[in-house]
Amino acid sequence: MAEFSHASTNPQPLADVDDWESIHHGLDSEASPKATFRDYRTNVRAGVVEFYRLNHQYQTLDFVREKKRTFMGRSQRSMGIWEAMEYLNTLVDESDPDTDLSQIEHLMQTSEAIRADGHPRWFILTGLIHDLGKILCLEGEPQWAVVGDTFPVGCRFSERIVFPEFFENNPDFARPELQTLHGIYEEGCGLDAVHLSWGHDEYLYHVVKNHLPDEALAMIRYHSFYAWHTEGEYRYLMNDHDSKMLEHVKAFNPYDLYSKGASRPDVAALTPYYQELIAEFFPEKLAW
Ligand code: FE
Ligand code: FE
943 MAEFSHASTN PQPLADVDDW ESIHHGLDSE ASPKATFRDY RTNVRAGVVE FYRLNHQYQT
1003 LDFVREKKRT FMGRSQRSMG IWEAMEYLNT LVDESDPDTD LSQIEHLMQT SEAIRADGHP
1063 RWFILTGLIH DLGKILCLEG EPQWAVVGDT FPVGCRFSER IVFPEFFENN PDFARPELQT
1123 LHGIYEEGCG LDAVHLSWGH DEYLYHVVKN HLPDEALAMI RYHSFYAWHT EGEYRYLMND
1183 HDSKMLEHVK AFNPYDLYSK GASRPDVAAL TPYYQELIAE FFPEKLAW
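The numbering of the sequence shown is my numbering, which starts it at 943 and goes up by one.
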């Protein structure tokens, strides 16, 4: 039998950085979420299981704190929102380019679906920018530290997080003080006080937090926190503000998941509208 080396912490198992979301595409929260949720294992695209094995192994409380120190302590670069969209669009996926949308197309499909339903301008803008944190992939970060479902670290891992068995390889799993129901947190402390696994959601939240209403910020910060917004877990960490925000995060989710597959947006034709929308809320440059 051939020998193989132990997986390093920086492999890139996903051919398309959005493939992890295939787990949720069979999910219809209107129908019977619990029945469909457990089917995710049969629906996943190649690389997704390996992706979550790494993600659940390496996302520890110490890791999250370290990433926050790195990315929130100092600005790596100065960019406007549009510039960040063009930068993110250089992220080329290895899947079939004819069927897969570019990152700008995914963003505009999401925002156009929100716009078509007559939602306010801040909501449309949120759809447009919600995944810009994925530029972390272009900064040399491994996929497991950029995308995937997010979850709290520092307290017990919920059984309703995808592939919960992989948490057995997480060093925090062997720290009893981090595996009680509340762990390092207090009942009702509010999600703002909770460390979620590090990724594009938390990163973008910190870049844009002074420029958007609270509802928009919650959508950005928690859009991958499926165990909370879809599975109903971790309610004991919420405060009153989170209860209000939960409805908004839930309202955003279908636009993120199901706008894919709609017709391809005409990026050139839509650009002037979106540049004006960006200028309404954001300064010319932001610290990334
Ligand atoms: Fe996302
Ligand atoms: Fe998205």
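Even for Gly, the Cβ is constructed at its ideal location relative to N, Cα and C.
For residue i, tell me which candidate among the options has the shortest Cα-Cα distance.
| i | options | result |
| --- | --- | --- |
| R987 | P955, Q999 and R1007 | P955 |
| E1222 | F1065, S964 and Q999 | F1065 |
| E1081 | Y982, Y1168 and Q1018 | Q1018 |
| G1132 | R1063, N1111, N1112 and S1185 | S1185 |
| Y1216 | D1156, Q1001, E1054 and T1012 | E1054 |
| R1011 | Y1145, E1128, N1111 and N1112 | Y1145 |
| S1201 | L1154, R1016 and D1059 | D1059 |
| Q1001 | Q1085, H1153, A957 and R1016 | Q1085 |
Since residue i and residue j should fall inside the 8 Å C-beta cutoff, what is the C-beta to C-beta distance between them, to a whole number of angstroms?
| i | j | result |
| --- | --- | --- |
| Q1045 | D1073 | 7 Å |
| A1158 | T1068 | 4 Å |
| V1149 | L1228 | 6 Å |
| L1049 | M1027 | 7 Å |
| H1124 | M1161 | With a Cβ gap of about 26 Å, H1124 and M1161 do not count as contacting. |
| V1104 | Y1178 | Contact flag wrong, Cβ pair sits at about 21 Å. |
| F1224 | I1056 | Contact doesn't hold; Cβ gap of about 18 Å is too wide. |
| W1230 | M1014 | With a Cβ gap of about 11 Å, W1230 and M1014 do not count as contacting. |
| R1206 | E1047 | 6 Å |
Is residue j closer than 8 Å to residue i when the C-beta atoms are compared?
| i | j | result |
| --- | --- | --- |
| W962 | F993 | yes |
| N1031 | G1090 | no |
| V1136 | P1106 | no |
| H1165 | D1198 | yes |
| Q999 | F1108 | yes |
| G1130 | N1195 | no |
| E1025 | R1102 | no |
| L1212 | R1063 | no |
Leaving out the 5 sequence neighbours to the left and right, which residues in its chain are closer than 6 Å to residue i when beta-carbon positions are compared?
| i | result |
| --- | --- |
| K1009 | W1140 |
| H1183 | none |
| D1208 | none |
| H1153 | F1223 and F1224 |
For residue i, which residues from the same chain have a beta carbon less than 7 Å from its beta carbon, with the 5 sequence-adjacent residues on both sides left out?
| i | result |
| --- | --- |
| W1170 | Y1164 and Y1176 |
| L1033 | V959, Q1045, K1076, C1079 and L1080 |
| Y1168 | H966 and D1091 |
| F1115 | F1109 and Q1121 |
| D1143 | G1075, T1092, I1162, R1163, Y1164, H1165 and S1166 |
| L1188 | H1171 |
| S974 | In this predicted model, S974 has a pLDDT of only 45, less than 50, meaning its place in the structure is not dependable enough to derive any value. |
For residue i, which residues in the same chain have their Cβ closer than 8 Å to its Cβ, ignoring the five residues on either side in sequence?
| i | result |
| --- | --- |
| S964 | N985, V986, R987 and V990 |
| L1003 | V1095, G1096, D1114, L1120, I1126 and H1137 |
| K1151 | L1159 |
| N1111 | R995, H998 and Q999 |
| Y1029 | M1021, I1077 and L1080 |
| R1007 | H1137 |
| E1226 | G1022 |
The stretch 1106-1120 contacting the stretch 1075-1084, beta-carbon criterion three pairs below 8 Å: no
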